[in-house]
Amino acid sequence: MRAARYFGPRDFRLVEVERPVPARGEVLLRVRAAGLCHSDLHIIYDELGGYPIPAPLTLGHEICGEAVELGEGVSDIELGRRYAVFGPVGCGHCRYCRSGRDNLCSESRWMGIARDGGYAEYVTVPAQALVPVPERVGDAEAAVATDAVLTSYHALVTVGRLEPGQGVAVIGVGGLGLNAVQIASALGAVVLALDIDERKLELARQHGAAVVLDSRQLDPQKPPLDRPISLVADFVGNDQTKLLAQQLVERGGRVVLVGLGSVGGPLAALRDIAEEIAVLGSFWGTRLELATVLDLIARGIVRPRVETHPLDEILTWVERLRAGAVEGRVAFVP
Ligand code: FEH
Ligand code: ZN
Ligand code: ZN
2 MRAARYFGPR
12 DFRLVEVERP
22 VPARGEVLLR
32 VRAAGLCHSD
42 LHIIYDELGG
52 YPIPAPLTLG
62 HEICGEAVEL
72 GEGVSDIELG
82 RRYAVFGPVG
92 CGHCRYCRSG
102 RDNLCSESRW
112 MGIARDGGYA
122 EYVTVPAQAL
132 VPVPERVGDA
142 EAAVATDAVL
152 TSYHALVTVG
162 RLEPGQGVAV
172 IGVGGLGLNA
182 VQIASALGAV
192 VLALDIDERK
202 LELARQHGAA
212 VVLDSRQLDP
222 QKPPLDRPIS
232 LVADFVGNDQ
242 TKLLAQQLVE
252 RGGRVVLVGL
262 GSVGGPLAAL
272 RDIAEEIAVL
282 GSFWGTRLEL
292 ATVLDLIARG
302 IVRPRVETHP
312 LDEILTWVER
322 LRAGAVEGRV
332 AFVP
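If you read the sequence shown in the working numbering, its first letter stands for residue 2, the second for the next number, and so on.
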């Protein structure tokens, strides 16, 4: 079968591999769509600060597929049905998994990052990773729900504790940030969308942002919202945006870091301390939240912007995403 595989830094190619066989407790999915994430670029271009990625590895951690074969011991999965794959699937028995924080499970083998992912015709996944896709949710929407929507939802709602009527700044309105704008707006928050790309800013306005602004024209001392900014969600995560986030947020507010733009870099400690700014990391989301975001999509409350392309074009789209030329999300169909 065709698969897009990582063989080491800057060595990512389409190859022929054996179709995988589901082990005990696993399901074989025929991949219907697999979304392209900036984190894939950080893997390919070795920008994760030395985080170990096993090679060779089929990438792709945003997956929707159809169950075609059940491994031994799997009974609650319906052949022929479509499923979204919860990428950071947990062990189910550690204190994190038992307390509903399976995204923090220390035994998880993240799909497409620690085990073969969805940039292929078929993929095997643990049965407990599968969440049924509602009828009204398309394949590509379900794929991007597993990361681009789930990660945004988790950052704003669970980590950010965003409340109706609060002011929120979303830094970076690409694949994740645009979903964050929609989710925050649907929650009744007032959204300031910041980016350096005017087309992305226009999309943010169309998707519910109250104010959109080129972040290079922003005076952090005079944020253009009619209320304090209680939460800043940084979907870029480079040194400049981390600093901007801490300048923008109100005293006692929350900064949620999601983007992996630079995995090192300084944080402005004085404000954090003197003004009790909570700077929080946010990672992916939980399996329970994935069911919630699929429902938000099924009800039309969140409309992920996603375009599909053949898997064979993945190398072209990796370059286009790296050049900032992708609006919303791209998903591949094998
Ligand atoms: C992937 C790999 C490592 C860290 C974070 C991620 C996110 O893209 C998952 O949503
Ligand atoms: Zn991702
Ligand atoms: Zn666990």
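Note that beta-carbon positions come from the ideal geometry of N, C-alpha and C, so glycine has one too. In this text, all values refer to a predicted model and were calculated from it rather than measured experimentally.
Boundaries of the beta strand (DSSP E) in which C92 is found, first to last residue: As a working mapping, residue 92 is identified with position 91 in the sequence shown. Here C92 belongs to no beta strand (DSSP E), and DSSP marks it neither H nor E.
Ordered list of beta strand (DSSP E) runs contained in the stretch 39-96, each at least 3 residues: 64-71, 83-86
W111 versus N104 - alpha carbon distance: Counting from one through the sequence shown, the residue named residue 111 turns up at place 110. Counting from one through the sequence shown, the residue named residue 104 turns up at place 103. Approximately 9 Å between the Cα atoms of the pair.
Pocket of ligand 2 defined by Cβ to heavy atom distance under 5 Å: C38, S40, D148
Contact test: D198 Cβ vs ligand 3 heavy atom, cutoff 7 Å: As a working mapping, residue 198 is identified with position 197 in the sequence shown. No, the beta carbon of D198 sits no closer than 7 Å to any heavy atom of ligand 3.
N-terminal and C-terminal residue of the alpha helix (DSSP H) that I298 is part of: Locating residue 298 in the sequence shown gives position 297, counting from the first residue. Counting along the chain, the alpha helix (DSSP H) containing I298 begins and ends at 288-299.
Secondary structure of R321, DSSP reduced to three states: As a working mapping, residue 321 is identified with position 320 in the sequence shown. Here R321 sits in helix by DSSP.
CB contact flag (L179, H155, <8 Å): Here residue 179 corresponds to residue number 178 of the sequence shown, with the count starting at 1. Here residue 155 corresponds to residue number 154 of the sequence shown, with the count starting at 1. Not closer than 8 Å, so no.
Per DSSP, the bridge partner or partners of H310: The residue labelled residue 310 in the question sits at position 309 within the sequence shown. DSSP output for H310 lists F333 as bridge partner(s).
Beta-carbon contacts of V213 that lie in its chain and below 6 Å, excluding the five residues immediately before and after: To locate residue 213, count along the sequence shown from 1; it is residue 212. So the list reads A194, L202, A205, R206, once near-sequence residues are dropped.
Environment of I44 [buried if 16+ CB atoms lie within 10 Å]: What you label residue 44 is simply residue 43 of the sequence shown in a count that begins at 1. Counting Cβ neighbours within 10 Å, I44 comes out buried, since at least 16 surround it.
Span separating the alpha-carbon of A146 from that of Q248: Taking the sequence shown and counting its residues from 1, one reaches residue 146 at position 145. Taking the sequence shown and counting its residues from 1, one reaches residue 248 at position 247. Computed Cα separation, rounded: 31 Å.
Reduced DSSP category for G9 - H, G, I as helix; E, B as strand; rest coil: One-based indexing of the sequence shown puts residue 9 at position 8. It is a strand residue.
Shell residues, 7 Å Cβ cut-off relative to heavy atoms of ligand 3: G91, C92, G93, H94, C95, Y97, C98, D103, C106, S107, E108, S109
N-terminal and C-terminal residue of the beta strand (DSSP E) that V192 is part of: Walking along the sequence shown from the start, residue 192 turns up at place 191. 191-196 is the span of the beta strand (DSSP E), which, as asked, contains V192.
Own chain residues within Cβ distance below 8 Å of A299, not counting five before or after: Against the sequence shown, residue 299 aligns to sequence position 298. The residues are P135, E136, R137, V138.
In DSSP terms, what Y123 is bridged to: As a working note, residue 123 is residue 122 in the sequence shown. Its beta-bridge partners are R31.
Cβ-based burial, K223 [other Cβ within 10 Å; buried from 16]: Stepping through the sequence shown from its first residue, residue 223 is reached at position 222. Exposed, since its Cβ has fewer than 16 Cβ neighbours within 10 Å.
Residues of its chain near G72, where Cβ-Cβ distance is below 7 Å and the 5 sequence neighbours each way are ignored: Numbered from 1 along the sequence shown, position 71 holds the residue referred to as residue 72. Taken in chain order, the residues that qualify are P23, A24, R25, G26, E27, V28.
C-alpha distance - P21 paired with R200, whole-angstrom precision: Residue mapping note: residue 21 aligns to position 20 of the sequence shown, counting from 1. Residue mapping note: residue 200 aligns to position 199 of the sequence shown, counting from 1. Rounded to the nearest angstrom, the two C-alpha atoms are 41 Å apart.
Cβ-Cβ distance between L281 and V319 below 8 Å: The residue you call residue 281 lines up with position 280 of the sequence shown. The residue you call residue 319 lines up with position 318 of the sequence shown. The answer is no: Cβ separation not under 8 Å.
Environment of I197 [buried if 16+ CB atoms lie within 10 Å]: The residue labelled residue 197 in the question sits at position 196 within the sequence shown. Exposed: under 16 other Cβ atoms inside 10 Å.
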